[in-house]
């Protein structure tokens, strides 16, 4: 049996018939018919929620793609780092109180030469 209240809630949250059917473990056609018969007057609210949901997903994707690796960050901000004799790049002691907690403190040189 199809729960119309759950279908309505998910429909108003911006989900389409296929996503609602997966969520409720029912056939896609039964969800489509339920929406067509009972919730055709809610089409504008559905489209608005769908657009908001898409914008949120797009923003999250954009934020996750903007991630900068520690190496790239250190190479862009060389003024707060110093290079040790073995090639490691470490944060200067003067910068400890200024930088945030997620600023990389050390970049280990992978191509160390031992003499």
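Residue numbers (full-length UniProt numbering): 1 to 115.
Quick reminder that beta carbons are idealized off the backbone N, C-alpha and C, glycines included.
Small disclaimer: the values here were computed from a predicted structure and weren't measured.
Taking 8 Å as the cut-off, decide whether the C-beta atoms of residue i and residue j are in contact.
{"i": "residue 91", "j": "residue 105", "result": "yes"}
{"i": "residue 88", "j": "residue 111", "result": "no"}
{"i": "residue 81", "j": "residue 74", "result": "yes"}
{"i": "residue 30", "j": "residue 47", "result": "no"}
{"i": "residue 38", "j": "residue 76", "result": "no"}
In three-state terms, what does DSSP make of residue i?
{"i": "residue 15", "result": "coil"}
{"i": "residue 58", "result": "helix"}
{"i": "residue 90", "result": "strand"}
{"i": "residue 66", "result": "coil"}
{"i": "residue 106", "result": "strand"}
{"i": "residue 100", "result": "coil"}
{"i": "residue 82", "result": "strand"}
{"i": "residue 44", "result": "helix"}
Taking just the CA atoms, how far does residue j sit from residue i?
{"i": "residue 100", "j": "residue 62", "result": "23 Å"}
{"i": "residue 153", "j": "residue 83", "result": "The structure shown has nothing for residue 153, since the chain only spans 1 to 115."}
{"i": "residue 45", "j": "residue 51", "result": "10 Å"}
{"i": "residue 28", "j": "residue 43", "result": "18 Å"}
{"i": "residue 40", "j": "residue 64", "result": "36 Å"}
{"i": "residue 107", "j": "residue 69", "result": "11 Å"}
{"i": "residue 103", "j": "residue 93", "result": "13 Å"}
{"i": "residue 59", "j": "residue 53", "result": "10 Å"}
{"i": "residue 19", "j": "residue 78", "result": "48 Å"}
{"i": "residue 86", "j": "residue 96", "result": "22 Å"}
Between the stretch 23-30 and the stretch 6-15, are three or more C-beta pairs nearer than 8 Å?
yes
Measuring CB atoms only, is the stretch 32-43 touching the stretch 2-10, in the sense that at least three cross pairs come out at less than 8 Å?
yes
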